[in-house]
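A.B. asks: Residue numbers (the numbering used here), protein chains in the order written: chain H, 6 to 254; chain R, 26 to 280.
Cβ atoms here follow ideal geometry from the backbone N, Cα and C, with glycine treated the same way.
The structure displayed is predicted, hence computed values, not measured ones.
Take this structure first; my questions come after.
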Amino acid sequence: MIEIIDIRKTLDGQEVLKGVTLRIEKGELVAIVGRSGVGKSVLLKHMLGLYKPDSGSIVIEGLDIVRFCTRELCKVRERFGVVFQGGALFDSMSIFDNVAFPLRERLRLNEQVVRQKVEEVLEDVGLLGHEHKFPAELSGGMRKRAALARALVTEPSIVLFDEPTTGLDPITLNSIHRLIESTHKKYNFTGVIVSHDVPEVFSIVDKVAMLDMGRVVEFGTPEEITKSRHPLVRAFITGSPYGLQETQS
Amino acid sequence: MNFLQTIGSGTLHLLRQMGGMFIFLLVSLYHIFTPPFKFKVFLRQVRFFGNRSLMVIVLTGAFTGMVLSLQVFYTLRKFGSEALLGPAVALSLIRELGPVLSALMVTGRAGSALTAEIGIMKITEQIDAILAMALNPLKYLVVPNIVAAILVFPLLGGIFDLVGIYTGYVVGVKILGLSKGTYFSQIETFLTTEDISIGTVKSLFFGLIVSWVCCWKGYTAGHGAEGVSRATTEAVVLSSVLILVSDYVIGTFYL
Ligand SMILES: Nc1ncnc2c1ncn2[C@@H]1O[C@H](COP(=O)(O)OP(=O)(O)O)[C@@H](O)[C@H]1O
Ligand SMILES: [Mg+2]
Chain H
6 MIEIIDIRKT LDGQEVLKGV TLRIEKGELV AIVGRSGVGK SVLLKHMLGL YKPDSGSIVI
66 EGLDIVRFCT RELCKVRERF GVVFQGGALF DSMSIFDNVA FPLRERLRLN EQVVRQKVEE
126 VLEDVGLLGH EHKFPAELSG GMRKRAALAR ALVTEPSIVL FDEPTTGLDP ITLNSIHRLI
186 ESTHKKYNFT GVIVSHDVPE VFSIVDKVAM LDMGRVVEFG TPEEITKSRH PLVRAFITGS
246 PYGLQETQS
Chain R
26 MNFLQTIGSG TLHLLRQMGG MFIFLLVSLY HIFTPPFKFK VFLRQVRFFG NRSLMVIVLT
86 GAFTGMVLSL QVFYTLRKFG SEALLGPAVA LSLIRELGPV LSALMVTGRA GSALTAEIGI
146 MKITEQIDAI LAMALNPLKY LVVPNIVAAI LVFPLLGGIF DLVGIYTGYV VGVKILGLSK
206 GTYFSQIETF LTTEDISIGT VKSLFFGLIV SWVCCWKGYT AGHGAEGVSR ATTEAVVLSS
266 VLILVSDYVI GTFYL
């Protein structure tokens, strides 16, 4: 379970999060939706303890991480798998080595177990046979798959997806969504998906949180969100312009 | 008032930067001695520094030795002591020019690439990815570079010296007409272990400075391609300035 209570964060003199409160139950898949630059990635990084909020608290599976030291944070981070925006694969390593990295470096498994686990998860994401390629040789969709494999290989209890489908064609987008759905079934993690792909992402998540102006402005099941009268939510669903003067900032 | 404010905030910013840089160095040095040491990455970075810089070191070393030989010969002739050309060239190279020029060359060749590489890892969230895996990025990106640079800089400095001394010899004997034997025999007479140790100590420090500054600048690169390019420029400038400043400081200890 992830509980975020009234967190605020100012970065470079600009208040990015102005009191975000969000509660994600164990095993749930939740989408965070909002305009670019609204602070979605910053919010995810707070969950990992990569940023500390100026105020408020963040509780990860019962542990309030805000005042944790590096070592305690490491313990908490071991529960996470993260698919970063753009994948954040290590350029200097093959896909196999990328996926094997947390197994070798953190879990220190022997090479035989590493191979077995990496091949299993690569099969899950449909990349078996491409493991010797380097990130630069992969298409956008394959890179997202590889990032997903690296996030899942340690069997984390929480997985964060930062825009896993942004910039993909509709077919690849759909296949990534199906993949998130099927791996969620298999590994049973708590998932947070930052996405712009509305309404497609609604079909795989349990809840949707709409982030705007540093706050969660709407939170509910996809059905509830679809019926919402909030102008930003309507704008997102219908693709109509909203608050242009703010988008320009 | 506004003027004072600008100065004040500028100073504070600078102090914060410097504080951050020193903490970064201390933490990195501490992690040299905590397991695990990433030996493979270390080897790769030794190659990175060495391979990238070897050619340019040989080239600049050669021409430095030649120019030095010409200039020193010109001065020495005024005092009728051309015979001392060998030691004059060798001492200038070993104590001063070898360490400094080779460090400046490595900064331009490998240091800038290092900053760019780490900077790209920063802006593409690869560093965050390492952190999110509950691992310490310093272990992979900084510690191996510092150790590699401390090892490689004296070696490259030594190569620079040797090449320079040899080309100085070629110019002195073939062009300026010095006798063959004097050049090297006089070097043997005048060169002491202290000269070699000062050159080595300088190279060690320059290796530390360059790897520290270049890693730090990459690690703290701002957003986007522009942030990385700015970090790269700043890394080269700051490394170069610190090389020259510390060259003087170390020199005063050896008077
Ligand atoms: N490290 C940082 N330093 C300063 N400002 C930042 C930093 N990271 C993000 N920001 C700013 O915070 C805001 C939110 O960024 P982000 O969370 O990346 O947006 P998005 O919702 O598109 O993921 C942006 O205005 C961005 O410029
Ligand atoms: Mg983002």
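Counting C-beta neighbours from all protein chains within 10 Å, is the total for Y56(H) 16 or more, i.e. buried, or is it exposed?
C.D. replies: Burial call: buried.
A.B. asks: Taking only the alpha-carbon atoms, compute the straight-line gap between I145(R) and E136(H) and give it to the nearest angstrom.
C.D. replies: 23 Å
A.B. asks: Any heavy atom of ligand 1 closer than 6 Å to the beta-carbon of K45(H)?
C.D. replies: yes
A.B. asks: I'd like to confirm something about Q151(R): is its beta-carbon nearer than 6 Å to some heavy atom of ligand 2, or not?
C.D. replies: no
A.B. asks: Given the structure, does V21(H) come close to ligand 1, in the sense that its CB is under 6 Å from one of the ligand's heavy atoms?
C.D. replies: Yes; taking the cut-off as 6 Å, the Cβ of V21(H) has a heavy atom of ligand 1 nearer than that.
A.B. asks: So T188(H) and L157(H) are supposed to be a Cβ contact under 8 Å. How far apart are they, rounded?
C.D. replies: 6 Å
A.B. asks: Mind checking if V71(H) is an interface residue toward chain R, Cβ cutoff 7 Å exclusive?
C.D. replies: no
A.B. asks: Roughly how many angstroms lie between the CA atoms of F209(R) and A113(R), to the nearest whole one?
C.D. replies: For F209(R) and A113(R), the distance between alpha carbons rounds to 11 Å.
A.B. asks: In this structure, what does DSSP give as the bridge partners for L16(H)?
C.D. replies: Q19(H)
A.B. asks: Check whether the Cβ of L16(H) lies closer than 6 Å to any heavy atom of ligand 1, and answer yes or no.
C.D. replies: Yes, the Cβ of L16(H) comes within 6 Å of a heavy atom of ligand 1.
A.B. asks: Less than 6 Å between the CB of S127(R) and some heavy atom of ligand 1, yes or no?
C.D. replies: no
A.B. asks: Using 10 angstroms around the beta-carbon of S208(H), count the other beta-carbons present and answer buried if the total reaches 16, otherwise exposed.
C.D. replies: exposed
A.B. asks: Indicate whether F67(R) and A173(R) have their beta-carbon atoms separated by less than 7 Å.
C.D. replies: yes
A.B. asks: Does the region 111-127 of chain R come into contact with the region 58-75 of chain R, if we say contact requires no fewer than three beta-carbon pairs (one atom in each stretch) closer than 8 Å?
C.D. replies: no
A.B. asks: Using only alpha-carbon positions, find the residue among V35(H), T75(H), D59(H) and L48(H) that is nearest to G3(H).
C.D. replies: What is shown of chain H runs 6 to 254, which leaves residue 3(H) out entirely.
A.B. asks: Which residues in the same chain as G67(H) place their Cβ atom closer than 8 Å to its Cβ, once the five residues preceding and following it in sequence are excluded?
C.D. replies: Same-chain partners within the cutoff: M6.
A.B. asks: Once DSSP output is grouped into helix, strand and coil, what is the label at N27(R)?
C.D. replies: helix
A.B. asks: Could you tell me whether any non-hydrogen atom of ligand 1 is closer than 6 Å to the CB of G42(H)?
C.D. replies: yes
A.B. asks: Measuring from the CB of Q90(H), is there a heavy atom of ligand 2 at a distance below 6 Å?
C.D. replies: yes
A.B. asks: How big is the Cα-Cα spacing for V202(R) and L269(R)?
C.D. replies: For clarity, residue 202(R) is Gly in the given sequence; the question names Val instead. The straight-line gap from Cα to Cα measures roughly 34 Å.
A.B. asks: State the beta-bridge partners of R5(H) as determined by DSSP.
C.D. replies: Since the first residue shown for chain H is 6 and the last is 254, residue 5(H) is missing from the structure and cannot be characterised.
A.B. asks: Exposed or buried, what is V119(H) when buried is set at 16 or more other beta-carbons lying within 10 Å of its beta-carbon?
C.D. replies: Buried: at least 16 other Cβ atoms inside 10 Å.
A.B. asks: Counting only Cβ pairs nearer than 7 Å, list the residues of chain R close to P107(H).
C.D. replies: M158
A.B. asks: Counting only C-beta atoms, is Q250(H) closer than 7 Å to chain R at any point?
C.D. replies: Unreliable placement is indicated for Q250(H), whose pLDDT of 46 sits below 50; the coordinate value is still reported in the next sentence. For Q250(H), the answer is no, since every Cβ of chain R falls outside 7 Å of its Cβ.
A.B. asks: Are the region 82-101 of chain R and the region 156-166 of chain R in contact at 8 Å, needing three or more beta carbon pairs?
C.D. replies: no
A.B. asks: Tell me which residue opens and which closes the beta strand (DSSP E) that G123(R) is part of.
C.D. replies: Here G123(R) belongs to no beta strand (DSSP E); instead the alpha helix (DSSP H) covers G123 to V131.
A.B. asks: How would you label L280(R), buried or exposed, when you count the other beta carbons within 10 angstroms and need 16 or more for buried?
C.D. replies: exposed
A.B. asks: Spatial neighbours of P49(H) within its chain, please: C-beta separation below 6 Å, excluding the five flanking residues on both sides.
C.D. replies: In the sequence under discussion, the amino acid at residue 49(H) is Leu, which differs from the Pro named in the question. So the qualifying residues of the chain are L165 and D167.
A.B. asks: When you check each C-beta in the region 145-170 of chain R against every C-beta of chain H, which residues fall closer than 7 Å?
C.D. replies: T149, E150, Q151, D153, A154, L156, A157, M158, A159 and L160
A.B. asks: Are any of the Cβ atoms in chain R nearer than 7 Å to that of L53(H)?
C.D. replies: yes
A.B. asks: Quick one: using the 10 Å Cβ neighbour count with 16 as the cut-off for buried, is H38(R) buried or exposed?
C.D. replies: exposed
A.B. asks: What does the Cβ neighbour count give for L16(H), buried or exposed, with the cut at 16 atoms within 10 Å?
C.D. replies: exposed
A.B. asks: Using beta carbons (cut-off 7 Å, strictly below), is G91(H) in contact with chain R?
C.D. replies: Chain R, which has a Cβ nearer than 7 Å to the Cβ of G91(H), makes this yes.
A.B. asks: In the DSSP assignment, find the unbroken alpha helix (DSSP H) run with G86(R) in it and report its ends.
C.D. replies: F64 to K103
A.B. asks: Which of the three DSSP states is assigned to T245(R) in this structure?
C.D. replies: coil
A.B. asks: Using a threshold of 7 Å, state whether the C-beta atoms of L216(H) and I37(H) are closer than that.
C.D. replies: yes
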